[in-house]
Amino acid sequence: MTEKKPAYLRHEDWVERQIREARERGAFDNLAGAGRPLRGLDRPFTAEEWARNWVERSGGDMQALLPPMLLLRKERAALLRALPTFGSEKDLRETVADFNHRLLDQYRRPMDGPLIAVGVLDADEVVGQWQAVRPVPAPPPPAPQPPAPGLVRRLSARLLRRR
């Protein structure tokens with residue numbers, strides 16, 4: 000649509016003319032979804048549903064629509080489920096400290112959404128849980144024993160005789 004609306008035409012008439020001409024040219028033929036019914040026409044439309052549909056269509060993360068405190072509650076639960084995956088106590092303590100810092104920072108801000116209680120993690124308690132659930136490391140394989148000195152001489156003597 001590159002042409003300007005003539006001053007003597009009403010806006011609705013001009014738009015309808017543009018649509019009619021495009022239909023006659025076949026601009027609407029073979030469009031994706033042509034002939035299929037529109038989803039959701041039988042239920043009321045809300046702004047929240049529009050946002051959810053837009054996020055799904057654009058491939059975004061639905062969790063971005065959640066209130067910050069609910070996101071932190073979900074993150075806390077995920078952190079506690081992932082305890083066996085931490086490789087060292089230092090990494091675990093740093094992760095817990097980062098989580099607690101972000102949580103307390105969120106509590107200091109004005110509430111955005113409903114009040115959702117999320118508890119601060121006690122680093123010592125979490126480390127104790129980590130030590131209880133982490134897999135026991137496999138014992139190192141035994142070091143290979145060097146062959147007895149007399150055995151090497153006997154084997155090499157046998158090999159030389161066979162030639």
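Numbering (numbering that gives the first Met the number 0), first residue to last: 0 to 162.
Even glycine gets a Cβ: it sits at the ideal position worked out from N, Cα and C.
Just so we're clear, the structure is a prediction, and the values are computed from it rather than from any experiment.
Item, Value
"Collapsed DSSP secondary structure at lysine 4 in the structure displayed", "coil"
"Inter-residue CB distance, valine 132 and proline 66 (contact presumed, cutoff 8 angstroms)", "The pair is not a contact, with the Cβ atoms about 30 angstroms apart (cut-off 8 angstroms)."
"Helix, strand or coil at glycine 58 according to DSSP, with G and I counted as helix", "coil"
"Outcome for valine 117 when other beta-carbon atoms lying within 10 angstroms are tallied against a minimum of 16", "buried"
"Cβ pair valine 95, alanine 122 closer than 7 angstroms", "yes"
"Cα-Cα separation between glutamate 47 and aspartate 111, rounded to whole angstroms", "16 angstroms"
"Contact set for tryptophan 13: own chain, Cβ-Cβ below 8 angstroms, skip 5 residues either direction", "Lys4 and Pro5"
"Cβ neighbour criterion (16 or more within 10 Å) applied to methionine 61", "exposed"
"Proximity of valine 119 and asparagine 99 at Cβ, strictly below 7 angstroms", "yes"
"Close Cβ partners of alanine 21 (< 8 angstroms) along its chain, the five nearest in sequence each way excluded", "Phe27"
"Cut-off 6 angstroms between Cβ atoms - residues of its own chain near arginine 92, not counting five sequence neighbours on either side", "Ala122"
"Within 7 angstroms, strictly: CB atoms of leucine 71 and leucine 102", "yes"
"Residues of its chain near arginine 16, where Cβ-Cβ distance is below 8 angstroms and the 5 sequence neighbours each way are ignored", "Leu8"
"Integer-rounded CB distance, given that leucine 40 should sit under 8 angstroms from isoleucine 115", "Actually they do not touch by this definition, with Cβ atoms about 35 angstroms apart."
"Distance between alanine 137 and proline 43 (C-alpha atoms, nearest Å)", "59 angstroms"
"Beta-carbon separation (whole angstroms), glutamate 50 vs leucine 64, contact threshold 8 angstroms", "The amino acid occupying residue 50 in the given sequence is alanine; glutamate does not appear at that position. Going by Cβ atoms, the distance from alanine 50 to leucine 64 rounds to 6 angstroms, so yes, they are a contact pair."
"Element boundaries [alpha helix (DSSP H), containing glutamine 130]", "122–132"
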